[in-house]
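Trainee:
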Amino acid sequence: MNKKSFTLLLSALLTFSMLTACSGNNNKNNEAAPGNAGTGGGTDAATAAPEPEKPTEIKIMLPLNTTETPPDTIKTEVEKLTNTKLTYQFYPADTYEEKLNSSFATGSLPQVTYLKNQTTFIQMKESMKDGQFWEIGPLLSEFPNLNKLKPEILNNTKVDGKLYTLYIGRPLARQGIIYRKDWADKLGLKPPANVDELFAMAKAFTEQDPDGNGKKDTTGIVDRNELVYGAFKTVSSWFGTPNSWGEKDGQLAPEFEFPQYYDTMDFFKKARDAGYMNQDFAATSKTDAVNMFVSGKAGMYIGGSMQDIDTLNKDLVKNYPDAVLDTHSMVAGPDGKFAQWMIPGYNNVVLFPKSAVKDEAELKNILAFFDKMMTPEVANLMYWGIEGTHYTVVDGKAKPADDKELIEREVKGFKDSVIGEAETNGMYQSLNVLPGRIHAEELLLENVKVGVADPTAALDSATYTSKGVELQQIISDATYKYIYGQIDKAGFEKEVQAWKERGGQKIIEEYNAVYKK
Amino acid sequence: MQEVSAQPGVVPELKPKSYKSSSELKKRLWRNKLLYVMLLPGVLYFVIFKYLPMYGLIISFQDYKPYQGITGSEWVGIEHFQRLFTEPDFLNILGNTLILFGMNILFYFPIPIILALMLNELRGTFFKRTFQTLIYLPHFMSWVIVVSISFVMTTMDGGIINELLSYFGFEKINFLLSPGWFRPMYIIQIIWREAGWGTIIYLASIAAIDPGLYEAARMDGAGRLRQIWHITLPAIRGVIVTLLILKIGSVLDLGFEHVYLLLNSMNREVAEIIDTYVYTAGLRQGHFSYSTAIGFFKSIIGLIMVMSVNKLSKKMGEEGVY
Numbered sequence: 033m034n035k036k037s038f039t040l041l042l043s044a045l046l047t048f049s050m051l052t053a054c055s056g057n058n059n060k061n062n063e064a065a066p067g068n069a070g071t072g073g074g075t076d077a078a079t080a081a082p083e084p085e086k087p088t089e090i091k092i093m094l095p096l097n098t099t100e101t102p103p104d105t106i107k108t109e110v111e112k113l114t115n116t117k118l119t120y121q122f123y124p125a126d127t128y129e130e131k132l133n134s135s136f137a138t139g140s141l142p143q144v145t146y147l148k149n150q151t152t153f154i155q156m157k158e159s160m161k162d163g164q165f166w167e168i169g170p171l172l173s174e175f176p177n178l179n180k181l182k183p184e185i186l187n188n189t190k191v192d193g194k195l196y197t198l199y200i201g202r203p204l205a206r207q208g209i210i211y212r213k214d215w216a217d218k219l220g221l222k223p224p225a226n227v228d229e230l231f232a233m234a235k236a237f238t239e240q241d242p243d244g245n246g247k248k249d250t251t252g253i254v255d256r257n258e259l260v261y262g263a264f265k266t267v268s269s270w271f272g273t274p275n276s277w278g279e280k281d282g283q284l285a286p287e288f289e290f291p292q293y294y295d296t297m298d299f300f301k302k303a304r305d306a307g308y309m310n311q312d313f314a315a316t317s318k319t320d321a322v323n324m325f326v327s328g329k330a331g332m333y334i335g336g337s338m339q340d341i342d343t344l345n346k347d348l349v350k351n352y353p354d355a356v357l358d359t360h361s362m363v364a365g366p367d368g369k370f371a372q373w374m375i376p377g378y379n380n381v382v383l384f385p386k387s388a389v390k391d392e393a394e395l396k397n398i399l400a401f402f403d404k405m406m407t408p409e410v411a412n413l414m415y416w417g418i419e420g421t422h423y424t425v426v427d428g429k430a431k432p433a434d435d436k437e438l439i440e441r442e443v444k445g446f447k448d449s450v451i452g453e454a455e456t457n458g459m460y461q462s463l464n465v466l467p468g469r470i471h472a473e474e475l476l477l478e479n480v481k482v483g484v485a486d487p488t489a490a491l492d493s494a495t496y497t498s499k500g501v502e503l504q505q506i507i508s509d510a511t512y513k514y515i516y517g518q519i520d521k522a523g524f525e526k527e528v529q530a531w532k533e534r535g536g537q538k539i540i541e542e543y544n545a546v547y548k549k
Numbered sequence: 002m003q004e005v006s007a008q009p010g011v012v013p014e015l016k017p018k019s020y021k022s023s024s025e026l027k028k029r030l031w032r033n034k035l036l037y038v039m040l041l042p043g044v045l046y047f048v049i050f051k052y053l054p055m056y057g058l059i060i061s062f063q064d065y066k067p068y069q070g071i072t073g074s075e076w077v078g079i080e081h082f083q084r085l086f087t088e089p090d091f092l093n094i095l096g097n098t099l100i101l102f103g104m105n106i107l108f109y110f111p112i113p114i115i116l117a118l119m120l121n122e123l124r125g126t127f128f129k130r131t132f133q134t135l136i137y138l139p140h141f142m143s144w145v146i147v148v149s150i151s152f153v154m155t156t157m158d159g160g161i162i163n164e165l166l167s168y169f170g171f172e173k174i175n176f177l178l179s180p181g182w183f184r185p186m187y188i189i190q191i192i193w194r195e196a197g198w199g200t201i202i203y204l205a206s207i208a209a210i211d212p213g214l215y216e217a218a219r220m221d222g223a224g225r226l227r228q229i230w231h232i233t234l235p236a237i238r239g240v241i242v243t244l245l246i247l248k249i250g251s252v253l254d255l256g257f258e259h260v261y262l263l264l265n266s267m268n269r270e271v272a273e274i275i276d277t278y279v280y281t282a283g284l285r286q287g288h289f290s291y292s293t294a295i296g297f298f299k300s301i302i303g304l305i306m307v308m309s310v311n312k313l314s315k316k317m318g319e320e321g322v323y
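If you read the protein sequences in the order shown, they are chains A and B. Following my numbering, the numbering of the first sequence begins with 33 at its first residue and continues without gaps. Following my numbering, the numbering of the second sequence begins with 2 at its first residue and continues without gaps.
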């Protein structure tokens, strides 16, 4: 071999070693792979003869609402308490739908799969009907703690009368206004008692220089490109619009066929035209909206959860130490009545794909883990963290530690995965110190008293499942166009007609068919 | 590497003649075995990442259910393609895609060429290098950043451009939400981010031009512009055509991320393109077969375009890409 071909060979070898190095890395990234090979046999053995001392191995995929994957601090403790070996696969919530769909398409969902929200749940309904996930309804009674889950909420998550999911509970109605109380006080304004006062407040916050810097640089309401979790739906329910669907002449009809929906659109049109809300709200992301609020440019943050006041307050007082926030949700409609739309009591659910959970014995082992998660001990650990480090107990309530960053890093990732709610899993209620937050908790209870439920939450429409999200886009586009003055009432009705022709009419019929039963 | 190519017996075999017997072929193969070994990673890459995935195209003819897999899912024929072509918005979406593509070719494509010619005329090396680096830089920013920067600059809620407009007594312009501004914004962002990067290949091919040609032209009294027109441009014509063909191949592939970030309810009628439609109608609702069918359609159009443009360029006396 001469020198030249030696060089050739060497470079070829180098290329290969680089390639193999890369693939080696891949394996390492996918840490679960070697463990997985080992456990395949392990779980089989466990299912054949369940030995309590052998920890159940569970792989869990869930959305992550923070920027970093949490360290194993909490996980290790949970494993000890539940006799499991857990592998958490966290994926950023922003792109979770894509991850969910691509994993699903390739049949690589893990044994425990968290969805993202109600919308992803509706998308998965068809696959549940196809039998791609385990039905767990009949098994719940075998587990004392899981059996405590609220039947009315479980009912909302049923598909064709069968239960496939466990739910992560949330207060039924958390929406309301988070507003600058210091501004309101300065201008002598009371929290708005009705929609007219709400408009007046937006006007005053814009025109009367509430921050006292002599410039007209504030807006009343800050909103974002989101009709449901932004301001629109919340204000809409104050106007008396039904929650997504309502009864009209004994028939179910979509919300946008009710006059109150138009009233709401007019409200926002007026507010935007006059400059009482951010002009570009249809293109504003949540981050941008929150930034506007905490940088002191806007006075009211509507929609979303009133419990967010803690985070907003934290960032706002960094910029304006004298700022005071408060919450409010009792805004009467033109008819003087209070109303508040309600979610179906869950914000997310857990599924068990048949492609990953091989048999019922394995499913039961996994459910046993969730059963333990619903004991106060485990629920507190996952929701609040480690006592003494992340929280302390004061008057039987959990008081989060001052180091919010630590909690965010180590606990938040697990917090959003706890099944049930404080009433069912026995975890501590939170001890709130911020007056606005304490007020928010009171308002949550008030909201439920005037709560409006979505009558279709437990109903099923095949057309809605397959095309509903796509069709809804027609309506939300039209709503924005109406608010921005691009189309008028007739134009909006034309879009509603298009919605009906492209499948909406079928959805109406299908819902009404099951509604009457 | 130069050493290797200088070795007699390796280079001349780039154009193999037909061999009389298979034993001779074998001998030749064996003699160049190291070259073939080096070829292997490349071949493997294409087989694994480009050819094997084509198997997945099958699901565009199926009602794909992940649990049942490709082998177990039901066949539905061309139902998904029919759905695509009968979709009320289909023509609009296809039109939007083609218009954006046309603007790409018309407004973006010549800019790197012009930039490269201009850079080439710069004499001071330091200045030239600095300028070149500066126009490269935006390429390394993600679309999210580029779009966020333009959001902050153009928003009506305190964006600098609108503040300036109103300061000078003009009406504020709703850049972000008006359908009329979507296309200009799109193309300006592309030019800002990519133009500098696009000059690289042109600069490289300009650098390969024999300086003797310029000297001769100068002797004959040609000025700067004459030199550009008669020497530089003809010399890089081949590169221009090749890049144009490659660009046309990706006709329906405008980059999902960029458009999706600019898309909103108010400009959907001009901004919805095939890529974003695949995402909203297909992937987000889990209609895998449908999305695959759209992707398939896109690839076929791309293939047809490349082949016809390639043929055209050969007719016009250029080399083409294959």
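Every residue gets a Cβ at the ideal spot worked out from N, C-alpha and C, and that includes glycine. The model shown is predicted, which means the values in this text are computed figures rather than measured ones.
Is the beta carbon of residue 247/B within less than 6 Å of some heavy atom of the ligand FMN?
Mentor: With respect to small molecules bound, the structure shown includes none, and the ligand FMN cannot be examined in it.
Trainee: Less than 7 Å separating the beta-carbons of residue 309/A and residue 205/A?
Mentor: No; because the gap between Cβ atoms is not below 7 Å, this pair is not in contact.
Trainee: Looking at the structure shown, is residue 362/A part of a helix, part of a strand, or coil, going by DSSP?
Mentor: Reduced to three states, the DSSP call for residue 362/A is coil.
Trainee: Between the Cα of residue 138/B and those of 281/B, 123/B, 192/B, 298/B, spot the shortest distance and give me the residue it belongs to.
Mentor: That would be 192/B, whose Cα lies nearest to the Cα of residue 138/B.
Trainee: Could you tell me the alpha carbon to alpha carbon distance between residue 60/B and residue 273/A, rounded to whole angstroms?
Mentor: Whole-angstrom Cα-Cα distance: 43 Å.
Trainee: Determine the chain A residues that contact residue 281/B at a beta-carbon separation under 9 Å, and present them in chain order.
Mentor: Correct list: 501, 502, 505.
Trainee: At the 7 Å Cβ level, is residue 183/B part of the contact set with chain A, yes or no?
Mentor: No, residue 183/B does not count as interfacial toward chain A.
Trainee: Under the DSSP definition of a beta bridge, which residues are partnered with residue 271/B?
Mentor: Partner(s): none; residue 271/B has no beta bridge.
Trainee: Return helix, strand or coil for residue 528/A, following the three-state DSSP convention.
Mentor: Here residue 528/A sits in helix by DSSP.
Trainee: Among the residues of its own chain, which have a CB less than 6 Å from the CB of residue 200/B, if the five just before and after it don't count?
Mentor: Around residue 200/B: 113, 116, 117.
Trainee: Taking Cβ-Cβ distances shorter than 8 Å, what residues in chain B pair up with residue 559/A?
Mentor: Outside the modelled stretch of chain A, which goes from 33 to 549, sits residue 559/A, for which no answer is possible.
Trainee: One question on the structure: do residue 363/A and residue 242/A come within less than 7 Å of each other, judged by their Cβ atoms?
Mentor: Not closer than 7 Å, so no.
Trainee: Using 7 Å as the threshold, is the C-beta distance between residue 191/A and residue 148/A below it?
Mentor: Contact: no.
Trainee: Taking 6 Å as the limit between beta carbons, can you name the residues of its chain near residue 514/A, skipping five residues before and five after?
Mentor: Only 297, 524 meet the Cβ criterion.
Trainee: Compare the C-beta of residue 73/B against all C-beta atoms of chain A and say whether one is closer than 7 Å.
Mentor: It does not: the Cβ of residue 73/B has no partner Cβ on chain A nearer than 7 Å.
Trainee: Closest to residue 287/B by CA distance: which of 65/B, 130/B, 52/B is it?
Mentor: Looking at the Cα atoms, 65/B is the closest of the given residues.
Trainee: Name the chain A residues whose beta carbon is nearer than 9 Å to that of residue 269/B?
Mentor: Within chain A, the residues near residue 269/B are 505, 509.
Trainee: Where residue 73/A and residue 47/B are concerned, what is the direct C-alpha to C-alpha distance, given to the nearest angstrom?
Mentor: Reliability fails at residue 73/A, whose pLDDT of 39 lies under 50, so the model's placement of it is uncertain and the value that follows must be treated cautiously. Each residue's alpha carbon lies about 35 Å from the other.
Trainee: In the DSSP assignment, the beta strand (DSSP E) including residue 283/A goes from what residue to what residue?
Mentor: Residues 283-286.
Trainee: Do the segment 291-310 of chain B and the segment 251-263 of chain B touch if we need at least three Cβ pairs shorter than 8 Å?
Mentor: The segment 291-310 of chain B is in contact with the segment 251-263 of chain B.
Trainee: So what's residue 73/B in DSSP terms, helix, strand or just coil?
Mentor: Correct three-state label for residue 73/B: helix.
Trainee: Would you mind reading off the limits of the beta strand (DSSP E) that contains residue 430/A?
Mentor: That run of the beta strand (DSSP E) goes 429-432.
Trainee: Rounding to the nearest angstrom, what Cα-Cα distance links residue 322/A and residue 159/B in this structure?
Mentor: Distance between the alpha carbons of residue 322/A and residue 159/B is about 15 Å.
Trainee: Excluding the five sequence neighbours on either side, which residues of its own chain have a C-beta within less than 7 Å of the C-beta of residue 230/A, listed in chain order?
Mentor: The residues are 224, 363.
Trainee: Can residue 385/A and residue 165/A be called in contact, C-beta distance under 7 Å?
Mentor: In contact: residue 385/A and residue 165/A (Cβ atoms closer than 7 Å).
Trainee: Suppose the cutoff is 7 Å on Cβ atoms and the five residues either side in sequence are ignored; what does the same chain contact list for residue 423/A look like?
Mentor: Here the set comprises 416, 417, 430, 431, 432, 433.
Trainee: Along the alpha helix (DSSP H) that carries residue 278/A, what are the first and last residues, could you check?
Mentor: From DSSP, residue 278/A is part of no alpha helix (DSSP H) but of the beta strand (DSSP E) over 277-280.
Trainee: I need the DSSP call for residue 236/B, collapsed to helix, strand or coil.
Mentor: DSSP places residue 236/B in helix when its eight states are reduced to three.
Trainee: Using the Cα positions of residue 463/A and residue 428/A, report the straight-line distance between them to the nearest angstrom.
Mentor: Spanning the two alpha carbons is a distance of roughly 9 Å.
Trainee: Can you tell me whether residue 497/A is buried or exposed, with buried defined as 16 or more other CB within 10 angstroms of its CB?
Mentor: That one is buried.
Trainee: Checking contacts by CB at 7 Å: is residue 123/B closer than that to chain A?
Mentor: No, residue 123/B does not count as interfacial toward chain A.
Trainee: What residue does the alpha helix (DSSP H) around residue 89/A start on, and which one ends it?
Mentor: Premise fails: residue 89/A lies in the beta strand (DSSP E), 88-96, not in any alpha helix (DSSP H).
Trainee: Identify, in the order they occur along the chain, each residue of the same chain with its Cβ nearer than 7 Å to the Cβ of residue 173/A, setting aside the five sequence neighbours on each side.
Mentor: Cβ neighbours of residue 173/A beyond the five flanking positions: 179.
Trainee: Rounding to the nearest angstrom, what Cα-Cα distance links residue 94/B and residue 509/A in this structure?
Mentor: Cα-Cα distance, rounded: 16 Å.
Trainee: Does DSSP put residue 450/A in a helix, in a strand, or in coil?
Mentor: DSSP places residue 450/A in coil when its eight states are reduced to three.
Trainee: Between residue 310/A and chain B, is there a C-beta pair that is closer than 7 Å?
Mentor: Interface residue, yes.
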